[in-house]
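Enquirer:
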């Protein structure tokens, strides 16, 4: 009986590169409808091209950087409360 | 046929019979109980019943309307799935505690008055503690004690508030609170403690991750969502809830991004999701209140699913920290797939339940032209995908392969996860059954072309940021300080302040009085008289015109003679001499 080969798709750098390309393509695809649809504007800014993509990008960068910043103060060793 | 038997009573009385069942019969029994309770909720007719007179109060144990029924459905449905998940478990204590806990949460939801609500509220707190203690680790014992102490505090606020409210209004009926006074504020604080609103939130991420595998799944649903129910019922349209809710959404994300333990990430993500619900309550329109109830409904399902997924990993590997996990997709593919469905649902991917429920709250904010609220909720939506949608599955199932090869979880756990995954997708694709049970009529379609693509845009670009910033998100073996610091370290710090402070005063006093003053007295006794005697003589010589070196020599000579007792005098005689000198000089 031969041992079943382990699933190693995500271990191969070639596949990881393909996944990166897929991610970029998907991001680009979500922008396409913005060319020919008109989004109803509620707050003046939310109708501009790629607004939600931009919002997602900026907010996530900001959240990560902000958490990094407060992490300097808030992060402590796991045994902090045991001492 | 309809019956007015309380679903709460069914579970609580049913819990008492758990020890009489053995082996698999016990597992089937605890699955059947919430299933029966679900049908009991289903056939309840709107109205009030099960009224009783108690110490001068008219208690109502069964108030049935669309709101209480909606929560009744999801509470029993989730219990059904959770007990399928817990099929392997034969622990009487945990099963009974869980049934008491779920039963009393139904008791809160169907309570028509504040007194019986308070009673069930307290039973919930006590019963749920056993789900934490049952982990039987030292950390769980300590966390369980902190958990119950904090809920005792919350319960006391609620009790005081109810007492004031009753004396003010003369009524114990639990309906929307009209005006703000001490009574209603205290009731609000009591509810907010259970809703895990900052600064009363740290009990949740402190305690839930220490609970048992199945305990975490059950705890994730009831305490916070009964609180959401009570806020929908009691405080709709209270503007402060908008701001508390908005803070919670961001607060939950920031902490979830910092955390290393998968179950702590999910705990903070509960705070984030309850934030959306509280915002909906605060906006207070029919649409946003519908949104809150719908979101609570869907949230219970996908959050339980996520806890099940993390619980399966903990069950199979004994680990829950991201730094210990990774690469599990190879041996736990089903757990990954179900977890990913939960992650997609919490992120509100189109075709999942999060999309059809959260949109109601966000559109509720748009309809009221609340620009800032809308913006915060959209930012938080992006952040949800970041911390719960990708971070959780990525670090547990992918990331760096840590060489763990645990194998897939048992069948009943997979069955429960499959059931919850099905519900996540079903309610995402066919939201109508959910919309039909909401408190107000819904005319809403989440699936406009523009809405779907806007959401996809938001999510894909959030995903892009996650992978671009992956080096910054590398997990560290740390925990994060939350407000529990004040009662975990703060207590000790207060002791230290006392120690340093009071003992400091003590030492200072010692230096000043014991050493200082006594030393001064000693020195005074030694040469004080001589020094005092110098004073009039020096002044006298100075006035006579003696200056500089000559004055110094005379001074030194006099001091020497006085101090050495060349001028024979005890202190008493010296003093007498001194006075004579002074009188002589002044006269």
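Chains as they are written, first to last, in the numbering used here: chain A, 169 to 251; chain B, 5 to 591.
Cβ atoms here follow ideal geometry from the backbone N, Cα and C, with glycine treated the same way.
Everything numeric in this text was worked out from a predicted model, so none of it was measured.
#1: Nearest to residue 223 of chain B by CA position, among B/117, B/418, B/103, B/236, is which residue?
#2: Can we say the stretch 211-221 of chain B touches the stretch 129-143 of chain B, given the rule of at least three CB pairs closer than 8 Å?
#3: Would you tell me roughly how many angstroms separate the C-alpha atoms of residue 187 of chain A and residue 177 of chain A, rounded to the nearest one?
#4: Are the beta-carbon atoms belonging to residue 297 of chain B and residue 443 of chain B less than 8 Å from one another?
#5: Starting from residue 430 of chain B, follow the beta strand (DSSP E) in both directions and report where the run begins and ends.
#6: Smallest Cα separation from residue 95 of chain B: which of B/408, B/316, B/484, B/22?
#7: Is it buried or exposed, residue 508 of chain B, if we count other Cβ atoms within 10 angstroms and call 16 or more buried?
#8: Report yes or no: is there a C-beta of chain B within less than 8 Å of the C-beta of residue 201 of chain A?
#9: Identify whether residue 58 of chain B lies in helix, strand or coil by the three-state DSSP scheme.
#10: Taking Cβ positions, are residue 482 of chain B and residue 377 of chain B nearer each other than 8 Å?
#11: Along the beta strand (DSSP E) that carries residue 243 of chain A, what are the first and last residues, could you check?
#12: Thinking residue 326 of chain B and residue 389 of chain B are a contact (beta carbons under 8 Å), I'd like their distance in whole angstroms, please.
#13: From the DSSP output, which residues share a beta bridge with residue 325 of chain B?
#14: What is the DSSP secondary structure of residue 117 of chain B, counted as helix, strand or coil?
#15: Would the beta-carbon of residue 152 of chain B fall within 8 Å of that of residue 84 of chain B?
#16: Which residues does DSSP pair with residue 484 of chain B in a beta bridge?
#17: State the DSSP-derived secondary structure class of residue 239 of chain B, mapped to helix, strand or coil.
#18: Closer than 9 Å by beta-carbon distance: list the chain B residues that pair up with residue 211 of chain A, in chain order.
#19: Between residue 469 of chain B and chain A, is any beta-carbon pair separated by less than 8 Å?
#20: Residue 53 of chain B bridges to which residues according to DSSP?
#21: Just the C-alpha distance for residue 63 of chain B and residue 423 of chain B, rounded to the nearest angstrom, thanks.
#22: Quick one, which of B/393, B/348, B/68 has its alpha-carbon nearest residue 115 of chain B's?
#23: By DSSP, does residue 550 of chain B sit in helix, in strand, or in coil?
#24: Would you identify the three-state DSSP class for residue 205 of chain A, choosing helix, strand or coil?
#25: Does the Cβ of residue 486 of chain B have 16 or more other Cβ atoms within 10 Å, making it buried, or fewer, making it exposed?
#26: Is there a Cβ of chain A sitting closer than 8 Å to that of residue 386 of chain B, yes or no?
#27: Pull up the distance between the alpha-carbon of residue 55 of chain B and that of residue 236 of chain B, whole angstroms please.
#28: Given a threshold of 16 other Cβ atoms within 10 Å of its Cβ, counted over all protein chains shown, does residue 362 of chain B qualify as buried or as exposed?
#29: So, helix, strand or coil for residue 177 of chain B, using DSSP?
#30: Considering just the uninterrupted stretch of the alpha helix (DSSP H) at residue 366 of chain B, what are its terminal residues?
#31: Residue 333 of chain B touches chain A at which residues, Cβ-Cβ below 8 Å?
#32: Identify whether residue 289 of chain B lies in helix, strand or coil by the three-state DSSP scheme.
#33: Judging by CA-CA distance, which residue of B/394, B/359, B/496 is the nearest neighbour of residue 448 of chain B?
#34: Going along the chain, which residues of the stretch 229-240 of chain A sit with their C-beta nearer than 9 Å to a C-beta in chain B?
#35: Please report the distance separating the alpha-carbon of residue 194 of chain A from that of residue 32 of chain B.
Expert: This is what the structure holds:
#1: B/103
#2: yes
#3: 11 Å
#4: For the pair residue 297 of chain B and residue 443 of chain B, the CB atoms are nearer than the 8 Å cut-off.
#5: Per DSSP, residue 430 of chain B belongs to no beta strand (DSSP E); it is in the alpha helix (DSSP H), 415-433.
#6: B/22
#7: Classification of residue 508 of chain B: exposed, given that the 10 Å Cβ count is below 16.
#8: Residue 201 of chain A belongs to the set of residues whose beta carbon lies under 8 Å from a beta carbon in chain B.
#9: strand
#10: no
#11: 243-245
#12: That belief does not hold up - the Cβ atoms of residue 326 of chain B and residue 389 of chain B are roughly 17 Å apart, past 8 Å.
#13: Under DSSP, the beta-bridge partners assigned to residue 325 of chain B are B/265.
#14: strand
#15: no
#16: A/243
#17: coil
#18: The answer, in chain order, is 370, 373, 375, 378, 379.
#19: yes
#20: B/66
#21: 37 Å
#22: B/68
#23: coil
#24: Residue 205 of chain A sits in coil when the DSSP states are folded into three classes, being neither helix nor strand.
#25: Under this definition residue 486 of chain B is a buried residue.
#26: yes
#27: 23 Å
#28: buried
#29: Residue state, collapsed to three classes: strand.
#30: Here the alpha helix (DSSP H) through residue 366 of chain B covers 357-371.
#31: 175, 178
#32: Secondary structure of residue 289 of chain B (DSSP, three-state): coil.
#33: B/359
#34: 229, 230, 231, 232, 233, 234, 235, 236, 238, 239
#35: Rounded to the nearest angstrom, the gap between the Cα atoms of residue 194 of chain A and residue 32 of chain B is 46 Å.
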